[in-house]
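Number of protein chains: 2
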Amino acid sequence: MPQCVRIIDNCVEMLSCTRDARRAGRVVGLVPTMGALHDGHLSLIRAARNETNFVVVSIFVNPTQFGPNEDLDRYPRMREQDRKLAAEAGADVTFEPQPAEMYPEGYATYVYQESLAGRLEGEKRPNHFRGVCTVCTKLFNVVEPDIAYFGQKDYQQSVIVRRIVRDLNMPLEIKILPTVRERDGLAMSSRNTYLNPQERQQATCLSRALSLAQQRVSRGETESPKVLAAMLEEIEKEPLSRIDYAEIVHPDTLEPVNQVETGSVALLAVHIGGTRLIDNAILRL
Amino acid sequence: MPQCVRIIDNCVEMLSCTRDARRAGRVVGLVPTMGALHDGHLSLIRAARNETNFVVVSIFVNPTQFGPNEDLDRYPRMREQDRKLAAEAGADVTFEPQPAEMYPEGYATYVYQESLAGRLEGEKRPNHFRGVCTVCTKLFNVVEPDIAYFGQKDYQQSVIVRRIVRDLNMPLEIKILPTVRERDGLAMSSRNTYLNPQERQQATCLSRALSLAQQRVSRGETESPKVLAAMLEEIEKEPLSRIDYAEIVHPDTLEPVNQVETGSVALLAVHIGGTRLIDNAILRL
Numbered sequence: 001m002p003q004c005v006r007i008i009d010n011c012v013e014m015l016s017c018t019r020d021a022r023r024a025g026r027v028v029g030l031v032p033t034m035g036a037l038h039d040g041h042l043s044l045i046r047a048a049r050n051e052t053n054f055v056v057v058s059i060f061v062n063p064t065q066f067g068p069n070e071d072l073d074r075y076p077r078m079r080e081q082d083r084k085l086a087a088e089a090g091a092d093v094t095f096e097p098q099p100a101e102m103y104p105e106g107y108a109t110y111v112y113q114e115s116l117a118g119r120l121e122g123e124k125r126p127n128h129f130r131g132v133c134t135v136c137t138k139l140f141n142v143v144e145p146d147i148a149y150f151g152q153k154d155y156q157q158s159v160i161v162r163r164i165v166r167d168l169n170m171p172l173e174i175k176i177l178p179t180v181r182e183r184d185g186l187a188m189s190s191r192n193t194y195l196n197p198q199e200r201q202q203a204t205c206l207s208r209a210l211s212l213a214q215q216r217v218s219r220g221e222t223e224s225p226k227v228l229a230a231m232l233e234e235i236e237k238e239p240l241s242r243i244d245y246a247e248i249v250h251p252d253t254l255e256p257v258n259q260v261e262t263g264s265v266a267l268l269a270v271h272i273g274g275t276r277l278i279d280n281a282i283l284r285l
Numbered sequence: 286m287p288q289c290v291r292i293i294d295n296c297v298e299m300l301s302c303t304r305d306a307r308r309a310g311r312v313v314g315l316v317p318t319m320g321a322l323h324d325g326h327l328s329l330i331r332a333a334r335n336e337t338n339f340v341v342v343s344i345f346v347n348p349t350q351f352g353p354n355e356d357l358d359r360y361p362r363m364r365e366q367d368r369k370l371a372a373e374a375g376a377d378v379t380f381e382p383q384p385a386e387m388y389p390e391g392y393a394t395y396v397y398q399e400s401l402a403g404r405l406e407g408e409k410r411p412n413h414f415r416g417v418c419t420v421c422t423k424l425f426n427v428v429e430p431d432i433a434y435f436g437q438k439d440y441q442q443s444v445i446v447r448r449i450v451r452d453l454n455m456p457l458e459i460k461i462l463p464t465v466r467e468r469d470g471l472a473m474s475s476r477n478t479y480l481n482p483q484e485r486q487q488a489t490c491l492s493r494a495l496s497l498a499q500q501r502v503s504r505g506e507t508e509s510p511k512v513l514a515a516m517l518e519e520i521e522k523e524p525l526s527r528i529d530y531a532e533i534v535h536p537d538t539l540e541p542v543n544q545v546e547t548g549s550v551a552l553l554a555v556h557i558g559g560t561r562l563i564d565n566a567i568l569r570l
C-alpha cells in the first residue's frame with residue numbers, strides 16, 4: 001500500500017497546517033532533519049508516530065550551521081527517497097522550506113547559548129551551534145510542535161537544544177532517542193556516505209573505542225585520563241584516523257570530569273580520511 | 286465601578302491562562318512593560334483592549350537589558366498603582382514574573398540582532414538590545430499573544446523587535462503606537478520621575494529640537510547635516526543638557542541618511558543632569 005505524505009514548502013502553509021491539526025485535537029510531533037534520511041532519523045519518526053498523532057518531518061540543509069570550509073555543498077541531497085522513507089515511517093508532512101525563505105536578504109537574527117556551545121563541537125566548528133539554535137527556534141515557531149525529537153548521536157546538540165527551550169520558555173518538549181548503529185557498531189550518519197570501503201571499515205574505531213571505555217569502567221577504572229588513553233589507543237590503531245577531540249564530560253554542563261560517574265558521557269570526534277565523524281556513549285559504573 | 290485584574294506571577298500559569306483564552310476563541314494582546322506605567326503605556330493597553338479581547342500586561346524590570354552602571358536598582362517600582370492603572374485601561378491580566386524564574390541560575394541563552402542593534406542606543410548601551418530581544422522572546426513564548434504592542438518612543442527597539450519576530454518566524458504581529466507626550470512636548474517615560482524641577486523644564490529641549498527639525502524640513506531643508514545642526518543648537522541652549530547622539534536615519538536600516546526623505550527618522554539621546562532621555566520623530570517632506 002503506497003504511503004502518502006503532504007509536502008509543504010513554505011512557512012505560512014506550514015503554520016496553518018499544524019494549527020488546523022491542533023484545533024482538531026491532534027498532538028504535533030516534529031523531527032527536524034537535514035534529509036539524507038537513515039535508520040536513525042526513521043527511529044525518531046517512528047517514535048513521533050507512536051507518541052503523537054500528527055508528524056512533521058522537516059528537511060532543510062541549514063546553511064547557518066556549516067562553517068565556510070565545511071561540506072554544505074556536497075552534503076547528500078536525495079529528496080524523493082527522503083519523502084518515501086519519511087512517509088513509510090509515519091510522517092504526515094514533510095516540511096521543505098527554501099533557504100531564501102528561511103534566511104532572506106539581510107537576515108541577521110540569531111539565538112545562541114553561551115555556556116555549552118563554546119566547547120567540543122563548538123570549539124572545532126565556530127558558529128555551528130548558533131546556526132543550530134537559530135534554525136531550531138525558527139522551525140519550532142513555524143511548526144509549533146508539542147514534542148520535537150533529536151538523536152543522541154549529536155549529544156552536545158541535544159543538550160544545547162534542551163537548554164535553549166528551557167531558557168527561552170519555548171512551549172514544547174524535547175525528546176532525545178538512542179543512537180542507531182550499523183551492525184558493526186558505526187553510528188548512523190548521513191556523512192557515512194562519504195566513506196570509501198577502506199575508510200568505512202576503519203570508521204568502526206569510534207564505536208569500538210566507546211565500547212572499550214564502557215568495558216574499562218565496568219571493570220572498575222574510574223579515572224578519566226586512563227579511560228581516555230585506552231580509547232585513543234584503540235582509535236590510533238587505524239592508519240586513516242586523526243583524532244579531533246576525545247573527552248569524558250558531565251552530562252549537563254559538558255565540563256570534563258576527572259572521575260567517571262554513572263551518566264558521564266564519553267564524546268569523540270575523529271577524522272577518517274577526509275570525513276569527520278562524531279560519536280558518544282553515556283557511561284555506567 | 287472597581288476594575289479587577291488577575292495577577293499571575295509564574296510562567297506555567299501564564300501560558301495555560303492564555304491557552305484557555307484562545308481555546309475560548311479570544312484574540313490575545315500583550316503589552317510588555319517594566320512597570321511605572323504612564324499614559325504612554327496606557328495608550329498601548331487601550332489599543333490592545335480595542336483590537337483584541339484578552340489583554341495581558343507584563344510588568345518585569347528586565348535585568349539583562351541594563352548595563353552594569355545603569356539604573357536597574359533605582360528604576361521606579363510601584364506595583365499596586367501599576368495594577369490599578371492597567372486594570373482601568375482594560376487589562377485582564379498583569380503578568381509579574383520573578384527575576385529568578387525568568388533567569389534561573391546558569392541562564393545563558395540569548396537572542397540578538399546583528400545588523401540593527403550595534404548602533405545608536407546599542408552603541409551607547411552594549412548588550413541592551415540583546416537583553417530586550419531575549420526578554421521579548423521569552424514573554425512571547427510564555428504569553429503566546431496574537432498581537433504585541435510597543436511605543437514609538439523606543440524607536441530602535443520597535444524596529445529590532447519587529448525584525449526578530451520576522452527573522453525567527455515568531456507567530457505574532459507587532460504594533461507600534463505613537464509616542465504620548467506631556468502637554469509641553471516631553472515624551473512620556475518612566476525615567477522622567479528622575480528629573481528635578483529645573484531638569485524637568487530643560488528636558489523639553491528634546492521635543493523642541495525634533496519639532497524644529499520637522500519645521501526646517503517642511504520649509505525645504507533636506508540636507509541632514511543642516512537639520513541636525515539646528516537640532517543640536519536648540520538642545521545646547523539648555524545648560525544641563527549633554528548630547529549623547531543625534532542622527533537622522535533610514536526608518537528600516539537605521540543607517541544615517543544624508544538627504545532627508547519622508548519617513549526618515551530623527552533620533553536623539555540627551556543627558557539632562559543625571560538622567561538620560563531619548564526621543565524621536567518620523568519626518569515628512
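Sequences listed follow chains A and B, in order. For the record, in the first sequence the residue sitting at position 59 is 59 according to the working numbering, with numbers rising by one throughout. Whatever position you read off the second sequence (first residue = 1), add 285 for the working numbering. Glycine included, each C-beta is placed from N, C-alpha and C at the ideal position. In this text, all values refer to a predicted model and were calculated from it rather than measured experimentally.
Exercise for review: Give the interface partners of residue 100 of chain A over in chain B, defined as CB-CB distance under 9 Å, in chain order.
Suggested key: Taking the first sequence and counting its residues from 1, one reaches residue 100 of chain A at position 100. Under the 9 Å cutoff, chain B gives no residues; its nearest Cβ is about 13 Å from residue 100 of chain A.
Exercise for review: Give the range of the beta strand (DSSP E) segment to which residue 261 of chain A is assigned.
Suggested key: Walking along the first sequence from the start, residue 261 of chain A turns up at place 261. Element bounds for residue 261 of chain A: n/a, residue is neither H nor E.
Check your understanding: Does residue 301 of chain B have its Cβ less than 8 Å from a Cβ in chain A?
Key -> Here residue 301 of chain B corresponds to residue number 16 of the second sequence, with the count starting at 1. It does not; no Cβ of chain A falls within 8 Å.
Practice item. Assign residue 212 of chain A to one of three DSSP states: helix, strand, or coil. Key: Reading the first sequence from its first residue, position 212 is the one you call residue 212 of chain A. Helix, per DSSP.
Point to revise | 8 Å contact criterion, which residue 236 of chain A and residue 227 of chain A should meet: CB distance rounded | key: By 1-based counting over the first sequence, the position of residue 236 of chain A is 236. By 1-based counting over the first sequence, the position of residue 227 of chain A is 227. No, residue 236 of chain A and residue 227 of chain A are not in contact; Cβ-Cβ is about 15 Å, not under 8 Å.
Check your understanding: What first and last residue would you give for the beta strand (DSSP E) that runs through residue 487 of chain B?
Key -> Residue mapping note: residue 487 of chain B aligns to position 202 of the second sequence, counting from 1. Unbroken run through residue 487 of chain B is the alpha helix (DSSP H), 482-487; no beta strand (DSSP E).
Review point. Does residue 315 of chain B have its Cβ less than 8 Å from a Cβ in chain C?
Key: In the structure shown, chain C does not exist; the protein chains are A and B.
Check your understanding: At a CB-CB cut-off below 9 Å, which residues of chain A make contact with residue 412 of chain B?
Key -> Locating residue 412 of chain B in the second sequence gives position 127, where the first residue counts as 1. None at all; the shortest Cβ gap to chain A is about 12 Å.
Review point. For residue 6 of chain A, does the three-state DSSP call read helix, strand or coil?
Key: Locating residue 6 of chain A in the first sequence gives position 6, counting from the first residue. The answer is strand: DSSP assigns residue 6 of chain A an E or B state.
Practice item. May I ask which residues mark the beginning and end of the beta strand (DSSP E) holding residue 33 of chain A? Key: The count along the first sequence starts at 1 and reaches residue 33 of chain A at position 33. Its beta strand (DSSP E) spans residues 28-33.
Review point. Nearest chain A C-beta to residue 379 of chain B closer than 8 Å, yes or no?
Key: For the purposes of this step, residue 379 of chain B is identified with residue 94 of the second sequence, where counting begins at 1. Residue 379 of chain B does not count as touching chain A.
**Study point:** Residues near residue 129 of chain A by beta carbon distance below 6 Å, same chain, minus five either side
**Key:** For this step, residue 129 of chain A is matched to residue 129 along the first sequence. Answer for residue 129 of chain A: 117, 122 and 160, listed in chain order.
Review point. Which residues, in order along the segment 448-459 of chain B, keep a beta-carbon less than 7 Å from a beta-carbon of chain A?
Key: Within the segment 448-459 of chain B, the qualifying residues are 448, 449, 452, 453, 454, 455 and 456.
Review point. For residue 565 of chain B, does the three-state DSSP call read helix, strand or coil?
Key: Within the second sequence, residue 565 of chain B is the residue found at index 280, counting from 1. Three-state DSSP puts residue 565 of chain B in a strand.
Review point. What are the boundary residues of the beta strand (DSSP E) that includes residue 440 of chain B?
Key: The count along the second sequence starts at 1 and reaches residue 440 of chain B at position 155. Note, residue 440 of chain B: premise wrong, no beta strand (DSSP E); alpha helix (DSSP H) at 440-452.
Review point. For residue 246 of chain A, which of helix, strand or coil comes out of DSSP?
Key: Numbered from 1 along the first sequence, position 246 holds the residue referred to as residue 246 of chain A. Strand.
Review point. What did DSSP end up calling residue 460 of chain B once you bin it into helix, strand or coil?
Key: Translated into positions along the second sequence, residue 460 of chain B becomes position 175. Residue state, collapsed to three classes: strand.
Exercise for review: List the residues of chain B that residue 115 of chain A touches, going by C-beta distances under 8 Å, in chain order.
Suggested key: What you label residue 115 of chain A is simply residue 115 of the first sequence in a count that begins at 1. Within 8 Å Cβ-Cβ: 391 and 393.
Exercise for review: Could you tell me whether any Cβ in chain A is nearer than 8 Å to the Cβ of residue 426 of chain B?
Suggested key: Taking the second sequence and counting its residues from 1, one reaches residue 426 of chain B at position 141. Chain A places a beta carbon closer than 8 Å to that of residue 426 of chain B, counting this residue as a contact.
Review point. In chain B, which residues lie less than 7 Å from residue 137 of chain A when you measure between Cβ atoms?
Key: Here residue 137 of chain A refers to the residue found at position 137 when the first sequence is read from its first residue. Neighbourhood of residue 137 of chain A in chain B, by CB distance below 7 Å: 453, in chain order.
Check your understanding: Should residue 132 of chain A be flagged as near chain B, meaning a C-beta pair shorter than 8 Å?
Key -> Along the first sequence, read from residue 1 onward, the residue named residue 132 of chain A stands at position 132. It does not; no Cβ of chain B falls within 8 Å.
Review point. So, does the CB of residue 111 of chain A fall closer than 8 Å to a CB anywhere in chain B?
Key: Taking the first residue of the first sequence as 1, we reach residue 111 of chain A at position 111. Cβ-Cβ to chain B under 8 Å: yes for residue 111 of chain A.
Review point. Between residue 4 of chain A and the rest of its own chain, which residues show a CB-CB distance below 8 Å, the 5 nearest in sequence each way excluded?
Key: Against the first sequence, residue 4 of chain A aligns to sequence position 4. Excluding sequence neighbours, residue 4 of chain A sits near 87.
Exercise for review: Could you check the C-alpha separation between residue 447 of chain B and residue 296 of chain B for me, to the nearest Å?
Suggested key: As a working mapping, residue 447 of chain B is identified with position 162 in the second sequence. As a working mapping, residue 296 of chain B is identified with position 11 in the second sequence. Counting only the Cα atoms, residue 296 of chain B lies some 23 Å from residue 447 of chain B.
Point to revise | Through-space distance from residue 131 of chain A to residue 107 of chain A, alpha-carbon basis | key: Stepping through the first sequence from its first residue, residue 107 of chain A is reached at position 107. Stepping through the first sequence from its first residue, residue 131 of chain A is reached at position 131. Distance between the alpha carbons of residue 107 of chain A and residue 131 of chain A is about 12 Å.
Check your understanding: Can you name the residues of chain B whose CB is closer than 8 Å to the CB of residue 11 of chain A?
Key -> Sequence index remark: in the first sequence, residue 11 of chain A carries index 11 (1-based). In chain order: 454.
Practice item. Rounded to whole angstroms, what's the CA-CA distance from residue 238 of chain A to residue 29 of chain A? Just pull it up for me. Key: Position 238 of the first sequence, counting from 1, holds the residue named residue 238 of chain A. Position 29 of the first sequence, counting from 1, holds the residue named residue 29 of chain A. C-alpha separation (whole angstroms): 41 Å.
Review point. Does the beta-carbon of residue 347 of chain B have 16 or more other beta-carbons within 10 angstroms, so that it is buried, or is it exposed?
Key: Taking the first residue of the second sequence as 1, we reach residue 347 of chain B at position 62. Counting Cβ neighbours within 10 Å, residue 347 of chain B comes out buried, since at least 16 surround it.
Practice item. Provide the residue(s) that pair with residue 560 of chain B in DSSP beta bridges, ordered along the chain. Key: Stepping through the second sequence from its first residue, residue 560 of chain B is reached at position 275. BP columns for residue 560 of chain B point to B:557.
Exercise for review: Report yes or no: do three or more beta-carbon pairs, one from the segment 151-158 of chain A and one from the segment 193-204 of chain A, lie closer than 8 Å?
Suggested key: no
Review point. At what residues does the beta strand (DSSP E) containing residue 436 of chain B begin and finish?
Key: Against the second sequence, residue 436 of chain B aligns to sequence position 151. Residues 432-436.
Review point. Going by C-alpha distance, which of A:140, A:75, A:191 and A:68 is nearest residue 173 of chain A?
Key: Locating residue 173 of chain A in the first sequence gives position 173, where the first residue counts as 1. Of the listed residues, the one whose Cα sits closest to residue 173 of chain A is A:140.
**Study point:** Three or more C-beta pairs below 8 Å linking the segment 84-102 of chain A and the segment 208-225 of chain A
**Key:** no
Review point. From what residue to what residue does the alpha helix (DSSP H) around residue 425 of chain B run?
Key: Indexing the second sequence from 1 puts residue 425 of chain B at position 140. Residues 413-428.
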